[in-house]
Every structure is written in structure tokens, then in C-alpha cells.
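Residue numbers (our numbering): 51 to 290. The structure appears right after this line, and notes come after that.
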Ligand code: NDP
């Protein structure tokens with residue numbers, strides 16, 4: 051029997067890409083979303099629909115989900131992974147940067163939930179996997195707005211889990227520490243980027259995107275009656 055559809059947002063690099071490859075290898079049809087369509091298509095995964103969707107565009111996200119469900123059947127899970135980290139000191143940071151983080155990391159995540167939740171509740175089956183961060187549990191220098199978005203992801207995930215638990219829908223929060231991906235490259239403050247790279251090197255390296263993908267797979271593949279509420283994972287040498 052064919053496995054059910056899984057949606058991955060932000061699948062064009064890093065954790066999302068690794069998750070897409072892993073779940074495809076487990077036999078799932080996929081809907082992969084990101085702005086860089088060519089990166090999604092370059093993976094050439096079987097039974098996979100790739101769509102250039104900005105998660106801040108609620109209508110486009112919903113339309114892509116509807117299209118994928120017509121092809122592959124109802125979505126059994128969404129991995130709300132798309133995110134941006136634009137670190138900066140609040141006294142100097144361009145407000146456009148924190149607005150972007152709030153739009154993508156918070157509203158984009160809500161858009162992903164919105165696109166699948168009514169169907170999951172009606173079917174009394176499904177899993178929402180939200181990628182937060184250790185920065186959703188504790189604060190770090192230069193992270194004011196980013197931590198704000200990830201604390202929001204933690205809060206929304208836990209509250210949503212309570213809300214839909216009686217409908218047999220699972221909500222899982224994945225909270226990684228530092229992972230080697232493109233995430234830091236979008237921070238415009240060169241000094242913060244440099245300090246962050248030094249921090250990673252001092253730890254002797256950080257998690258690989260595949261490590262986080264494996265945590266996502268593990269949580270998802272538990273029986274539906276079992277909800278792993280949260281996985282926090284980081285390099286052993288990450289003290290913070
Ligand atoms: P990457 O920068 O490698 O990946 C981010 C992904 O998000 C890309 O696929 C990007 O695709 C997508 N994305 C960004 N903005 C949008 C948008 N508006 N609409 C759709 N897709 C978007 O970073 P990571 O893999 O590290 O990040 C994935 C998640 O993991 C994020 O939520 C991040 O906060 C979280 N995380 C990362 C950690 C780390 O240390 N790397 C630690 C803890 C959490 P495209 O540009 O093509 O749209």
C-alpha cells in the first residue's frame with residue numbers, strides 16, 4: 051500500500067532538504083515547497099510535487115496543498131520547516147529584517163497549519179511537525195526577534211497540541227541547536243556572523259541537517275496514538 055502524502059516547507063536546502071530526501075526514501079509521496087523551485091526539482095525525488103511557494107502567501111500554500119492532495123490523497127503530515135534567521139542588535143537592525151522573520155517563521159508556520167488542519171481534524175488523523183529551535187526555549191545575544199519567533203513557535207505548537215489532541219491529531223515540536231546549513235548566511239551583520247562561526251568551530255562542529263531529519267522521521271513514525279511532543283537536540287559540546 052502506498053504511504054501517505056507529507057508536505058515539507060523550506061525543502062530547498064538544509065533541514066528541509068534532508069527531511070525530504072529521508073522521507074522520500076521511506077516511500078512517501080511529497081509536496082515540497084520553497085521559493086527556489088530549481089533546487090526542489092534538482093533533487094528529482096519520485097512521487098514528488100515541487101512548487102515555488104512563499105509560505106507567507108497563504109492562498110498559494112493552500113492551493114499547492116489542494117493540488118498535491120488531488121494527486122496523492124490526503125496529507126498525513128506537514129513539516130513546517132521554512133524559516134529565516136536574521137540576527138542583529140535591536141538598536142541597529144533594519145526593522146524589515148524582524149518583520150521578515152515574524153512573517154516567515156510565525157505567520158508562514160500558521161499558514162502551513164491552516165492549509166492542512168481542517169482535513170486532519172475531519173479525518174481524525176494527521177501530524178503537524180513544527181521546526182522551532184533551542185532559541186525557542188532560551189535566549190541568545192543578537193537573537194531578540196529570532197528568539198521571539200521561535201518562542202512563538204513553541205507556544206503555538208504546545209497550545210495547538212492541546213487543542214487538537216481530542217481529534218487524534220499530533221503536534222510535534224523539533225528544537226535543534228546549531229545545525230550546519232545556509233541559515234546563518236542570510237544574517238546581514240558580518241560581526242555577528244563571524245562570532246557565530248567561531249562559536250560553531252569552538253564546539254568542534256555542530257549538527258548535520260541529516261541529524262535533524264532523522265529526529266523528524268523518528269517522531270513521525272511512531273504510532274498515531276503516541277505523540278512525541280518535543281525533541282530538543284544539539285551537538286554534545288553545545289553548552290548554551
Ligand atoms: P536553510 O537556510 O538551509 O533553509 C531554510 C529553508 O527555508 C530554505 O529551503 C528556504 O527556501 C526556506 N524559506 C525561507 N524563507 C521562505 C519563504 N518565505 N517561503 C518558503 N520557504 C522559505 O536553513 P535551515 O535548514 O537551518 O532552517 C530550517 C529551519 O530550521 C528554520 O525554521 C530554522 O529556524 C530552523 N533551525 C535551524 C537551526 C540551524 O542552526 N541551522 C537551528 C534551529 C532551528 P527558499 O530560500 O528557496 O525559499
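C-beta atoms are modelled at their ideal positions from N, C-alpha and C, and glycine is treated no differently. Quick caveat, the model's predicted, so the values are computed rather than measured.
Determine the DSSP secondary structure at residue 173, reduced to helix, strand or coil. The answer is helix: DSSP assigns residue 173 an H, G or I state.
Where do the N-terminal and C-terminal ends of the alpha helix (DSSP H) with residue 280 fall, by residue? For residue 280, there is no enclosing alpha helix (DSSP H); the enclosing beta strand (DSSP E) has its first and last residue at 280 to 283.
State yes or no: is the C-beta of residue 71 nearer than 7 Å to some heavy atom of the ligand NDP? Residue 71 Cβ: outside cutoff for every heavy atom of the ligand NDP.
For the candidate residues 251, 57 and 102, whose alpha-carbon lies nearest to that of residue 89? Per the Cα distances, 102.
Please classify residue 161: does DSSP put it in a helix, a strand, or coil? Looking at residue 161 - three-state DSSP - the assignment turns out to be helix.
Taking the alpha helix (DSSP H) that residue 156 falls in, what are its first and last residues? Taken as a continuous stretch (DSSP letters only), residue 156 belongs to no alpha helix (DSSP H), as it is neither H nor E.
Quick one: Cα of residue 227 to Cα of residue 53, how far? Roughly 30 Å separates the two Cα atoms.
Between which two residues does the beta strand (DSSP E) harbouring residue 277 extend? Where residue 277 is concerned, there is no enclosing beta strand (DSSP E), because DSSP gives it neither an H nor an E.
On the DSSP bridge assignment, give the partners of residue 290 in chain order. Paired residues: none, contrary to the question.
Is it buried or exposed for residue 215, if we count other Cβ within 10 angstroms and need 16 for buried? Taking all protein chains shown into account, residue 215 has fewer than 16 neighbouring C-beta atoms within 10 Å of its C-beta and is therefore exposed.
Tell me the start and end of each unbroken beta strand (DSSP E) in the stretch 205 to 233 that is at least 3 residues and wholly inside, in chain order. If you keep only unbroken beta strand (DSSP E) runs of at least 3 residues inside the stretch 205 to 233, you get 220 to 226.
Work out the CA separation of residue 230 and residue 244 for me, nearest whole Å. If I take the Cα positions, the gap works out to 14 Å.
CA nearest to the CA of residue 60, picked from 220, 282, 78 and 111: If we check each option's Cα against that of residue 60, 111 comes out closest.
Chain-order list of residues whose beta-carbon lies under 7 Å from that of residue 162 (same chain, five-residue window excluded): The answer, listed in chain order, is 59, 105, 111, 128 and 130.
Alpha helix (DSSP H) segments (min. 4 residues) lying fully within the stretch 68 to 121: Segments of the alpha helix (DSSP H) lying fully in the stretch 68 to 121: 87 to 92.
Three-state class that DSSP yields for residue 248 in the structure shown: Here residue 248 sits in helix by DSSP.
Residue 210 to residue 141 span [Cα, whole Å]: The alpha-carbon atoms of residue 210 and residue 141 are separated by roughly 34 Å.
Identify, in the order they occur along the chain, each residue of the same chain with its Cβ nearer than 6 Å to the Cβ of residue 56, setting aside the five sequence neighbours on each side. Here the set comprises 73, 78, 80 and 127.
Residue 285 beta carbon less than 8 Å from that of residue 256: Against a cut-off of 8 Å, the Cβ pair of residue 285 and residue 256 comes out as a contact.
Could you tell me if the beta carbon of residue 106 falls within a distance shorter than 7 Å of some heavy atom in the ligand NDP? A heavy atom of the ligand NDP is found nearer than 7 Å to the CB of residue 106.
Can you tell me the Cα-Cα spacing of residue 194 and residue 289, whole angstroms? Their backbone Cα atoms lie some 19 Å apart in a straight line.
Is it true that the stretch 167 to 181 meets the stretch 262 to 271, where meeting means three or more beta-carbon pairs spaced less than 8 Å apart? A contact exists between the stretch 167 to 181 and the stretch 262 to 271.
Where does residue 126 sit, in a helix, a strand or coil, going by DSSP? DSSP places residue 126 within a strand segment (E or B) once states are collapsed to three.
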